[in-house]
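Protein chains in written order, with this note's numbering: chain A, 1 to 335; chain B, 1001 to 1335; chain C, 2001 to 2335; chain D, 3001 to 3335.
Shown next, in structure tokens, is the structure this report addresses.
There are 4 protein chains.
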Amino acid sequence: MRFFSDNAAAVHPAVLDAIAAANHVDTAYDGDALSQRLDGAFSDLFGTECAALWVSTGTAANCLALASMVPPHGGVFCHREAHINTDEAGAPEFYTHGAKLIPLDGEGAKLTPETVRAARSAIRPDVHRVQPHALSITNATEYGLVYRPDEVAALGAVAKDLGLGFHMDGARFANAMATLGGHPGDVTWRAGVDALSFGFVKNGGLSAEMLIFFRTEWAEVAKIRRKRAGHLNSKGRYQAAQVLALLEADRWLENGRASNAGAATIADAAGHRLVLPVEANEIFLRLTPAEAASLRAQGFDFYDWAEGEARLVTSWDQPQAEIDALAGAIRALGS
Amino acid sequence: MRFFSDNAAAVHPAVLDAIAAANHVDTAYDGDALSQRLDGAFSDLFGTECAALWVSTGTAANCLALASMVPPHGGVFCHREAHINTDEAGAPEFYTHGAKLIPLDGEGAKLTPETVRAARSAIRPDVHRVQPHALSITNATEYGLVYRPDEVAALGAVAKDLGLGFHMDGARFANAMATLGGHPGDVTWRAGVDALSFGFVKNGGLSAEMLIFFRTEWAEVAKIRRKRAGHLNSKGRYQAAQVLALLEADRWLENGRASNAGAATIADAAGHRLVLPVEANEIFLRLTPAEAASLRAQGFDFYDWAEGEARLVTSWDQPQAEIDALAGAIRALGS
Amino acid sequence: MRFFSDNAAAVHPAVLDAIAAANHVDTAYDGDALSQRLDGAFSDLFGTECAALWVSTGTAANCLALASMVPPHGGVFCHREAHINTDEAGAPEFYTHGAKLIPLDGEGAKLTPETVRAARSAIRPDVHRVQPHALSITNATEYGLVYRPDEVAALGAVAKDLGLGFHMDGARFANAMATLGGHPGDVTWRAGVDALSFGFVKNGGLSAEMLIFFRTEWAEVAKIRRKRAGHLNSKGRYQAAQVLALLEADRWLENGRASNAGAATIADAAGHRLVLPVEANEIFLRLTPAEAASLRAQGFDFYDWAEGEARLVTSWDQPQAEIDALAGAIRALGS
Amino acid sequence: MRFFSDNAAAVHPAVLDAIAAANHVDTAYDGDALSQRLDGAFSDLFGTECAALWVSTGTAANCLALASMVPPHGGVFCHREAHINTDEAGAPEFYTHGAKLIPLDGEGAKLTPETVRAARSAIRPDVHRVQPHALSITNATEYGLVYRPDEVAALGAVAKDLGLGFHMDGARFANAMATLGGHPGDVTWRAGVDALSFGFVKNGGLSAEMLIFFRTEWAEVAKIRRKRAGHLNSKGRYQAAQVLALLEADRWLENGRASNAGAATIADAAGHRLVLPVEANEIFLRLTPAEAASLRAQGFDFYDWAEGEARLVTSWDQPQAEIDALAGAIRALGS
């Protein structure tokens, strides 16, 4: 039973259907009818004009976004444990031609306005120091916490004040929205976010992630950079089809709710073992090595995190039986 | 009727079936069972040990290959009209961190050993000049010609002699093999090719191209670069499934034969209008503007090439009726 | 007797005196009193507001200028034999993070408006092709020809029309000005030049070249890039001192006239052996191998250029006796 | 009285004399007689075969060294407050094409083997994480501490064990050697250092720093990178002359001793105000704002460091009267 990562989940049947339905000759690259619908679809969703580009991976989405904000000699404020800083093999440095990620601290991988302001103040504004040009946050965070609209807006105000572009890595944006409810504009552009990496692959997609520009004027150059990075698929219609299928009937949100619900059940079982509150679909547990071994012996696969801690992630398609089995097994460990 | 590019073709049904068959939980990235089969499958096909990496686009395959051969301060010999030089938005420069493409001439986008040797001799070996580190050819070429094994071997011998890595852009490798017949090893590793971009998307695939290393020791770093470029899809099994489906029962070759056959029919109709022999699935025709307009008025879509010339490309799934209609229309233009 | 390159010449005594005079404690980097005088000195010389940055080499000046004009995904029009394209080891690609030099042809390494317009027209404006963002010319050219103000202005008009930044590599700007006479503004900013690499090292300097921005708003980022490239000398006052000494009493121009005069004497002796008119301090001669060997046997050192051709360069400090000896030796070869 | 930085000091008279003595025609770039002597001179000094390259700045020396050790996708262990991490405007990222500096902690900017080993262990060896390829230390450190040979050797052993290149930033190597005494090989190549940035500019030079490769096989590519970075001065003999003059009669060491002696005098006066021991020519003092203002009012210029702390640096040419005046003024502040 795989609680290792939501990356391993299956593809939603509606996505496969949409791919099959797109299987006829159409214009190459992003000139096809489906790709051409994306700007409108996301503009409708967010309630403002958006430019929407498909790419194959969240890494590509994040890095194209950052490259829109930061020159090669600039810096990016992010959390020390942000995916862009720890899990993308230096892709941000590659796409930005050597910009520097400036890691900041904060509980549960969340940043605060105070942290960002203090970091900016510590950097002497001269040619010897790398000057920050962007702020990047992850929502839901790498520790499964969710930024609320007011928290994002406070960071957005700081970003604006300090002249920083503002990027949100939304690899689990669906999980965040499932928790937050409300309008997706509130936690993004209305809160000052300039560009959003909107994750679909962890959430029922196959190979399509979206890069959403609320600063639509950045899209033109980003499209050049996408091609230059080898991310302009020649049969783009199959990318667009996936995303449109998940937007339809709010499937993306429904899937986010499903994985969150599984995590909530497990969190309930875990009780005071929880390292952090469970606000999305990631659970961080205190487990002794013996307890971890016991769970694994029962067929549960998960990730060892810090010493004495484990990370478990639920997926949109996780069978309820697996959730219940895991919850039961955790309860059975005692406390 | 689309003769604009084989990029616009549909996906082979077996590919869609294979994707559907892969639709269950498996390890993320390239740790899944299907991805793990690729090295073996291509080693079998080529008759030598291969390292096989899926990527989303031919541009990514080409550029990861080049980056394996060329340092940032080095150069790449290629044809002036090579796809890497004219149609990849500077992706080779991006992936290699600024290596220089050194364009060479040759009819039908083919290079000869003499041309390569002369170009090397013209570059003074000192620190002021960019020194070549690789040779890249395209087979079938951008003009639809096919390098024979002996021609590739002659270039491979020059590459070895001059200390150059040797890359083959095989976006239309299936078309080349359909023409050549014989063993795919003869025109690749046995002829000195170090890395091959093996195209599947133009040939019935959806989003998976293959980068084949005959120098398997290069694969480890290339896998890091693939991740760093945002090309390590998290659900890699759907990439691998596409390729395995096309390898099965030699579908890739069958599809290459199908598009070549369509081109041959049209070439036959075109007669002395042909700018170059038709050896694969691209046809370069002399057409007056009035003739081009006439064909377009009849519903044929194609690409204006040089002045008074047009490029038409047939696809693996092109209906015979479209082929016959185009052949008839060209014949009807007279000569 | 060294006619190999003006790079080998000695340093003007006034430069050494100025360095000695600067030998006291002052602010580091470019905060010293001498460096602070440069903007004003060049603004006076050119008759418009300039931002003036010292760097150690012409390569650094050229490449910082180009990086101000061209994004990593852009292109630079230049002559095929431009120093930036053939003799800087890929430094333009390094500083611009992979921009593409687009080589154009033209006699004597000169470009014409027609050539530039035709090259621009040949590049389809889409994301697949690298789009040009700058035009770079060399004055005096790599073949010792001099662009007149009207020729530069015609190119400047094209650059403006096509949205290209306009850079002049003036490694031998002193030689060009010595030939042209008149005001240095006429052949630069009044003709549309945005940035000038103003050479001092070939012309009596020791280690200081100047990058002059007529678009002063570009200087701020260029200063960051200068530091990032390791070109912000910590004792900048010795750089500034060199340049100020050569500006004083128009020594730079006097030195340019001196080397040009030497070249004129040799050109006069060479007569119909000249491959190109001699307009600055470079002489391209037709010489048989036997003739070249004979000159070398007499102690003249020079560069073999194309087959049957040689390049000879005169320096600002070349003794008249060497000039006369060479002129005599060439005359003695007969015709 | 300038205690702001040793960057502001004058040039040693012997250096100016050597520049004047080099003022005649010679081969350009590094082909001149003086540049050709450098490999031998440093091989003699270090007692092993060295390859010795002049460059204009310590930043260039550091970054060319790092680029020899680290691929674009790799990482560099260094202290959080290392000059390469905080004061070079991202030059390491530029020269390495985006490698990641991985900052480590340690008192007085010194690293220990335990710190390095722990950092390496924390990085999962897969394609998602940037893997370290080099270790860089500064001797004397940015806080004026000096690594002893045994300390360096312990780090060198770790570097070797972990497969890391080992770089020493010796911007103040002369100060370190003045403190250590003994043979310069003991604290460098015999301790496992692969490449040393050997500072001369802070120590009586004008514009020449040295990059010393103990791994001489790295020099060939480094020379290409030097050219590509615009650091191959065309009149290299004036660079070499400076360095040879400072090597002669151990002037570099004498100058290091002179600045260290000044710092020792001030340290003695400072007593328990010292934040750290004074082992070279940098003094870190606890000063209240009022005390700092008082010193400045008396004409002493220095750098505010952390809150309530100041950095003072002595130079090789600092007049004894200035040293005594500062020592007296500090004593007069009381304790």
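Positions of the beta carbon are idealized from the N, C-alpha and C atoms, including for glycine.
Treat the numbers as computed from the prediction; the structure is a model and nothing was measured.
Check                                                                                                                                                                                        : Outcome
Count the other C-beta atoms from every protein chain shown that fall within 10 angstroms of the C-beta of histidine 1024(B), then say buried if there are 16 or more, exposed otherwise.    : exposed
Just the chain B side, please: which residues come within less than 8 Å of cysteine 78(A) by C-beta, in chain order?                                                                         : Correct list: empty, because the minimum Cβ distance to chain B is about 17 Å.
At a CB distance below 7 Å, what residues from the segment 2116-2132 of chain C approach chain A? Give them in sequence order.                                                               : Val2127 and His2128
Report the three-state DSSP secondary structure of proline 1103(B) (helix, strand or coil).                                                                                                  : strand
Does the beta carbon of proline 2289(C) sit closer than 9 Å to a beta carbon anywhere in chain B?                                                                                            : no
So the alpha helix (DSSP H) proline 113(A) belongs to, where does it begin and stop?                                                                                                         : 113-121
Taking all protein chains shown into account, decide if aspartate 2006(C) is buried (16 or more other Cβ within 10 angstroms of its Cβ) or exposed.                                          : buried
My guess is that leucine 3211(D) and alanine 3195(D) are in contact by the Cβ rule of under 8 Å, so how many angstroms apart are they, rounded?                                              : 7 Å
Less than 9 Å between the beta carbons of leucine 2295(C) and leucine 2276(C), yes or no?                                                                                                    : no
For glycine 2328(C), count neighbouring C-beta atoms within 10 Å of its own C-beta (all shown protein chains included) and say buried if the count is 16 or more, exposed if not.            : exposed
Mind checking the segment 3217-3246 of chain D against chain C and listing, in chain order, the residues whose C-beta falls within less than 8 Å of any C-beta there?                        : Ile3224, Lys3227, Arg3228, Ala3229, Gly3230, His3231, Leu3232, Asn3233, Ser3234, Lys3235, Tyr3238 and Gln3239
Buried or exposed, going by whether 16 or more other CB atoms sit within 10 Å of the CB of serine 121(A)?                                                                                    : exposed
Going along chain A, which residues have a C-beta under 7 Å from proline 2072(C)?                                                                                                            : His97
Please tell me whether tyrosine 1303(B) has its Cβ less than 9 Å away from any Cβ of chain A.                                                                                                : no
Just list the residues that DSSP pairs aspartate 3301(D) with in beta bridges.                                                                                                               : Arg3002(D)
Might you give, ordered along the chain, the residues of its own chain that have their beta carbon closer than 6 Å to the beta carbon of serine 3068(D), omitting 5 neighbours on each side? : Trp3218 and Ala3222
Evaluate contact between the segment 3265-3279 of chain D and the segment 3240-3256 of chain D, counting only Cβ atoms and requiring at least three cross-stretch pairs below 8 Å.           : no
Could you tell me the alpha carbon to alpha carbon distance between valine 3193(D) and alanine 310(A), rounded to whole angstroms?                                                           : 40 Å
Which ranges would you report for the alpha helix (DSSP H) in the segment 3207-3247 of chain D if only whole runs of at least 4 residues count?                                              : 3219-3228 and 3237-3247
For aspartate 317(A), does the count of other Cβ atoms within 10 angstroms reach 16, so buried, or fall short, so exposed?                                                                   : buried
Show which residues of chain C have a CB atom less than 9 Å away from the CB atom of phenylalanine 1094(B).                                                                                  : Pro2072, His2073, His2097 and Gly2098
Against chain B, does glutamate 2279(C) count as a neighbour if the rule is that its beta carbon must be under 9 Å from one of theirs?                                                       : no
Just to confirm the assignment: which complete beta strand (DSSP E) runs, minimum length 3, are found wholly within the segment 8-63 of chain A?                                             : 51-55
Out of Asn1175(B), Gly1156(B), Ala1021(B) and Leu1164(B), state which residue places its alpha-carbon closest to the alpha-carbon of tryptophan 1189(B).                                     : Gly1156(B)
Cβ of glutamate 88(A) less than 9 Å from any chain D Cβ?                                                                                                                                     : yes
Judging by CA-CA distance, which residue of Val1011(B), Thr1138(B), Pro1013(B) and Ala1229(B) is the nearest neighbour of histidine 1083(B)?                                                 : Thr1138(B)
Do you know offhand how far valine 55(A)'s Cα is from glycine 2098(C)'s?                                                                                                                     : 22 Å
Quick check on the burial criterion: 16 or more other C-beta atoms within 10 angstroms. Buried or exposed for aspartate 161(A)?                                                              : exposed
Looking at the secondary structure, which residues open and close the beta strand (DSSP E) in which leucine 2333(C) lies?                                                                    : Looking at the DSSP string, leucine 2333(C) is not in any beta strand (DSSP E), and its letter there is neither H nor E.
In angstroms with no decimal places, state the Cα-to-Cα distance between glycine 262(A) and serine 1234(B).                                                                                  : 22 Å
How about glycine 1058(B): is its C-beta nearer than 9 Å to some C-beta of chain A?                                                                                                          : yes
Just by C-beta distance, which residues in the segment 1246-1270 of chain B are closer than 7 Å to chain A?                                                                                  : none
Just to confirm before moving on: does the CB-CB distance between phenylalanine 1214(B) and valine 1243(B) stay below 9 Å?                                                                   : no
Determine the contact status of glycine 1090(B) and lysine 2100(C), defining contact as a CB-CB distance below 9 Å.                                                                          : yes
I need the DSSP call for histidine 1272(B), collapsed to helix, strand or coil.                                                                                                              : helix
Measuring CB to CB, does aspartate 1030(B) end up less than 9 Å from leucine 1232(B)?                                                                                                        : yes
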